[in-house]
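Scroll down for the structure; my scribbles are underneath it.
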Amino acid sequence: MTEPALPHYGRSTLADLLPSLGVHLGLAGADDVLGLPSADRYVLVLVDGLGRRLLDEYAGTAPYLASLGERTIASGVPSTTATSITSLGTGLPPGLHGIAGYSFWYPGAGAVLQTLRWPADISGLDVQPQLTCFERLSRAGVHTATIAPAAFAGSGLTTAALRGPAFLPVADEADHVRRVELTVQAATAGERTLTYFYERQLDHAGHRHGAGSKAWLRELAAADSLVGRLRAELPDDVRVVVTGDHGMVNVPGNNRLVVEDEPALLTDVTAFAGEGRLRQLMTPRPDAVAARWRERLGARAWVRTRDEAAAEGWFGEVSPRLAGRFGDVLVAVADDGAVMTRTLPRELALVGMHGSLTPAEVEIPLLFA
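So the sequence shown is numbered by the numbering used here: it starts at 10 and just counts up by one.
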């Protein structure tokens, strides 16, 4: 059986990016473990779903991005947007910020919290109260801003992961001219600036149509053009840094385990969270449940109890206060399959998925322009 592609927290992950940039902007206590180019003004572009291996495979569709280097870092675990952007925003591994997946058990509510449909009665600040890197940079006199869809302003996940910068809303994501104008405005608003620019259409196309599909290739070409336009319009002294939050795997319809078809797998399972590529099971009998899933999936998945996964370093250092948010049992799919449920019908329609610990999902580019 292959081994999981474990992130090297503190050395080469998304959680290390803002602290490494922060060193050059005067952030006290930070360390540039990534060895980043020095500048007083940065634009950080995150292309949702841009995996390193996907960029390499389809370099001909994204020639500008492909020309910016071969450096690779890792997402956290799970390799999913909510966890990744919180690691980015806080500079912390998942075990210390507690946004444990696309959906995860939140003891404060006694329920599974779905991060992209955040409940109105749960405060993002309560779920993740640690200072973000943006807040720390602002206190150090750095002008920070976010360029992102207007719907994200003040959302629970934005508050938990990315609070602090001025939020410059994008009403029409197809209006690249306006998005570039806002970015130039933010990047030149002070002597020291950090501007965060979020692009999500590649991820959407991958989920709906699959990585490598015609729709996905169109969005990859559009992201390539957008980054090129940003570089052309920004002053030369502004350094553009480009990364992703995870890669993606196409999951064929015949390689999906639907738990309702095998109800014995849910014996003693009290809550079912995570995503198809990395399911998180809450149970009072983790050893028995893990053994049952290992027997069923064999080499197709890395099945761990929470303690086993933590000991292997899946989540980096884990705060005892936050440990209960991670599944008592974790089922990380190692091949191109997924674990699905009919109680989440929208997930059944997905083609491209992510969340697990394969290199295709964990490895992300780190590019400089």
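For glycine and all other residues, C-beta sits at the position ideal for the given N, C-alpha and C.
- Taking 7 Å as the cut-off, the beta carbon of Thr141 is found no closer than this to the beta carbon of Gly107.
- Apart from the 5 residues on each side of it in sequence, Leu359 sits with its Cβ closer than 6 Å to the Cβ of His216 in its chain, given in chain order.
- In this structure, DSSP gives Glu269 a helical state, which the three-state scheme calls helix.
- Segment contact: the stretch 350-364 against the stretch 276-292, three or more CB-CB distances shorter than 8 Å; contact assigned.
- Residue pairing by DSSP places Thr202 opposite Arg50 and His152 in a beta bridge.
- Selection Gly78, Ala175, Asp277 and Val186 evaluated against Gly199 yields Ala175 as nearest (Cα-Cα).
- When the beta-carbon positions are compared, Leu122 and Tyr115 come within less than 7 Å of each other.
- Positions of the beta strand (DSSP E) runs, each at least 3 residues long and wholly inside the stretch 120-151, are given as 120-123 in order along the chain.
- Counting along the chain, the unbroken alpha helix (DSSP H) around Tyr73 starts and ends at Pro72 to Ala75.
- Just so you know, the alpha carbons of Glu144 and Ala282 end up roughly 30 Å apart.
- Rounded to the nearest whole angstrom, the CA to CA distance from His218 to Val340 is 25 Å.
- Counting other Cβ atoms within 10 Å of its Cβ, Pro102 reaches 16 or more and is therefore classed as buried.
- Secondary structure remark: continuous alpha helix (DSSP H) runs of at least 4 residues inside the stretch 30-116, in chain order: 61-66, 72-75, 90-99 and 103-106.
- In the three-state reduction of the DSSP assignment, Phe161 falls in the helix class.
- Contact between Leu211 and Leu239 is absent: CB atoms are separated by about 16 Å, not below the 8 Å threshold.
- Annotated as proximal: Val312 and Ala299, with beta-carbon spacing under 7 Å.
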